[in-house]
Every structure is written in C-alpha cells, then in structure tokens.
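S.K.: I have a structure I would like to understand better, so I am pasting it below and will then ask my questions one at a time.
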Amino acid sequence: MITIKDLHKSYKMGKNSLHVLKGINLEIADGEFVAIMGASGSGKSTLLNIIGMLDTHDAGVYDLDGVRIENLTERKAAIYRNKFLGFIFQSYNLINFKNVVENVALPLYYQKINRKKRNEIAMSYLERVGLGPWSRHLPNELSGGQKQRVAIARALAAQPKLLLADEPTGALDSVTSREIMKMIQEINDEGKTILMVTHEDEIAHMCKRIVRLRDGMIIEDTKINQVRA
Ligand code: ADP
Ligand code: MG
Numbered sequence: 015m016i017t018i019k020d021l022h023k024s025y026k027m028g029k030n031s032l033h034v035l036k037g038i039n040l041e042i043a044d045g046e047f048v049a050i051m052g053a054s055g056s057g058k059s060t061l062l063n064i065i066g067m068l069d070t071h072d073a074g075v076y077d078l079d080g081v082r083i084e085n086l087t088e089r090k091a092a093i094y095r096n097k098f099l100g101f102i103f104q105s106y107n108l109i110n111f112k113n114v115v116e117n118v119a120l121p122l123y124y125q126k127i128n129r130k131k132r133n134e135i136a137m138s139y140l141e142r143v144g145l146g147p148w149s150r151h152l153p154n155e156l157s158g159g160q161k162q163r164v165a166i167a168r169a170l171a172a173q174p175k176l177l178l179a180d181e182p183t184g185a186l187d188s189v190t191s192r193e194i195m196k197m198i199q200e201i202n203d204e205g206k207t208i209l210m211v212t213h214e215d216e217i218a219h220m221c222k223r224i225v226r227l228r229d230g231m232i233i234e235d236t237k238i239n240q241v242r243a
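Going by my numbering, the letters in the sequence shown line up with residues 15 to 243, in that order.
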C-alpha cells in the first residue's frame, strides 16, 4: 500500500529552515493498522500530511498503491486524495453550516455521483455509525463523540483504500475514545488499511503496529498484540 524511502521534509521560514523529517523509511502493507507515536513536534502530523498528499516532501520516494507521488500536479493529487484516502482529524473538520448527511455526502460530490445516490450512500454510512436519526441536525447540535462518528462516516463514504487519522480521540473523554476506537478497529477488521497518529499509549496498543518517531526519525517499529477496545 505504502512505500516510503529516505523521505525528507524541511519547513522554510525566511532564511532559516527547519529539518522536520530526516530520512524516513516505512513500508505499510494492505490491511495494516499502524499507530504513529512520538513527542509533540517529532514530525507525526507532517508525515501523515505528506502521506495524505496534503503536503509535499523535499526528497526521497513515496509510492501509494503503486503510484509515485512526487511529480503529481495539484489536480492529480486532488483526484488521488479523493479516490484513495479518507481523513479523520482531532477537531473533526465538519462544515458547520451543512447538516450531518450533507457533510457525509460531500466527498461523493467530487466523484460525480448524482445527488440522490450521494444521499443514499451517506445515509447508509450514517446508519452504520449509529447516527441515522441525526442526519438533518447541524454539527453544533452533536456531542464530540457524535461529531467524530460523522467524520468517520464521511471518511468511509468515498470507500478509500487508506484511512488516515490524526489524534482522532485527542479531544474525547476516555469512554467516548474507546467507542471511537472500537469502531475504527471494526473498520480495520473488515480489511481497511489504517494509519493513526496518537501520543496515547493506550490508544496505540489498540492498533497492530507501533512506529515511534523522535526528532524526525523512526526509532522503533514493532508489531504488537492488539488490545480490543
Ligand atoms: P507532531 O505532529 O509530532 O507534534 P508536527 O509534524 O506537527 O509534529 O511538527 C514538527 C515540527 O515542524 C514542529 O517543530 C513544528 O513546529 C514544525 N512545523 C509543523 N508545521 C509547520 C509549518 N507549516 N511551518 C513551519 N513549521 C512547521
Ligand atoms: Mg501533530
């Protein structure tokens, strides 16, 4: 699914440059469930954003599902993002003036699926995350856990090959975190490849492999026995 070789990334700030990723090597196979851990500032989000084609790298190789990512135009990148990737963020990133079902249907809009079909698909994913009755509500009327379930439904609706999550439980209490992790584990049980950034040990152990970053380098990469949420 993913091959990354000697990947580097620096942020340029005026005359200075901050070297954030310093030669990352990473292979992720179909169906894996990987936690990316590390202290704040170690480069976790930067790596996830590059993998998610939300940012670009300076050097090295990144292949996603057999496609070499470096030379893509923004237009091509957008197409691959829509086709390959689903995102879940700590802050949910829902559109507040659109209702729940419209939020979930949005990624399908870019796949040229007609409105009726979009809504049908969106409703089926909302039902799957237990939010069918909330479809006409606005995000602000929902709890944090419910908002994250909407975000999960939205991420799944476009049937991505890879699900990327940046601290998906970071804003949730421990009971709600467990519910969300249970849902994410079930999605992986069905075969979806998942890459999740977290700084919480307990959450990381609910994945199947832990990759640890320090100062932009991988210092540990281990398969683990998954703890069920
Ligand atoms: P993490 O997610 O592990 O906390 P990040 O990948 O967000 O770390 O950030 C790694 C380093 O890069 C930090 O020092 C951060 O301040 C810096 N950084 C992140 N994004 C930017 C940016 N857009 N411009 C400049 N520096 C950035
Ligand atoms: Mg981060």
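Ideal placement from N, C-alpha and C gives every residue a C-beta, glycine not left out. What you are looking at is a predicted structure, and each value in this text was computed from that prediction instead of being measured.
1. Return the first residue and the last residue of the beta strand (DSSP E) that residue 21 is part of.
2. Tell me the rounded alpha-carbon separation between residue 83 and residue 98.
3. Quick check: the Cα distance between residue 172 and residue 122, rounded to an integer number of angstroms?
4. Taking C-alpha atoms, which residue in 78, 134, 152 and 190 lies nearest to residue 40?
5. Any heavy atom of the ligand MG within a distance shorter than 7 Å of the CB on residue 225?
6. If you run the structure through DSSP and keep just helix, strand and coil, what is residue 152?
7. Counting by C-beta, which residues lie closer than 5 Å to a heavy atom of the ligand ADP, in chain order?
8. Which residues in the same chain have their Cβ closer than 8 Å to the Cβ of residue 52, if we skip the five residues on either side of it in sequence?
9. Does the distance from the CB of residue 158 to the CB of residue 185 come in under 8 Å?
10. Specify whether the region 106-121 and the region 149-157 touch according to this definition: at least 3 beta carbon pairs, one from each stretch, less than 8 Å apart.
11. Report, in whole angstroms, the separation of the C-beta atoms of residue 15 and residue 236, which I expect to be a contact under 8 Å.
12. Exposed or buried, what is residue 30 when buried is set at 16 or more other beta-carbons lying within 10 Å of its beta-carbon?
13. Rounded to a whole number of angstroms, what is the C-alpha to C-alpha distance between residue 67 and residue 242?
14. Residue 22 and residue 71: beta carbons closer than 8 Å?
15. Rounded to the nearest angstrom, how far is the Cβ of residue 217 from that of residue 195, given a contact under 8 Å?
16. Looking at the structure shown, is residue 210 part of a helix, part of a strand, or coil, going by DSSP?
17. Would you mind working out which of 138, 200 and 183 sits nearest residue 215, comparing C-alpha positions?
M.R.: The short version:
1. 16-27
2. 12 Å
3. 6 Å
4. 78
5. no
6. coil
7. 25, 34, 54, 55, 56, 57, 58, 59 and 60
8. 58, 213, 226, 227 and 228
9. yes
10. yes
11. In fact, because the Cβ distance is near 19 Å, the residues do not count as touching under 8 Å.
12. exposed
13. 30 Å
14. yes
15. 6 Å
16. strand
17. 183
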